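In my numbering, the protein residues as written are 550 to 638.
From the three backbone atoms N, C-alpha and C, an ideal C-beta is built for every residue, glycine too.
On a predicted model such as this, the values are computed, not experimentally measured, just so you know.
All remarks here apply to the structure that follows.
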């Protein structure tokens with residue numbers, strides 16, 4: 550599944566879904582520095598929409614998300630530990 554516009558054209562995310570880092574010079578990473586402004590905008594829309602729906606992004610693949618599984622729990626626990634450590638300072 551890939552995000553599309555109102556005319557069902559696939560949005561430019563800077564890389565094809567399931568492209569490897571080697572194929573796209575690292576553009577598959579969530580915060581890849583080598584994306585065009587347009588691709589970065591589309592990626593931000595996708596990340597915000599999925600995050601608001603409760604999904605956790607895999608940082609190595611901007612199109613990959615999870616919810617209510619081991620990866621999601623691991624990321625949530627790491628974020629909670631980070632917040633706890635910051636609050637204790």
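Query                                                                                      : Result
For residue 605, the three-state DSSP class (helix, strand or coil)                        : strand
Which residues DSSP lists as bridging residue 610, in chain order                          : 607
Exposure of residue 564, with buried meaning 16 or more beta-carbon neighbours within 10 Å : buried
Residue 562 to residue 584 span [Cα, whole Å]                                              : 8 angstroms
Cβ-Cβ separation, residue 616 to residue 605 (assumed contact under 8 angstroms), whole Å  : 7 angstroms
Nearest candidate by alpha-carbon position, reference residue 595, set 560, 581 and 576    : 560
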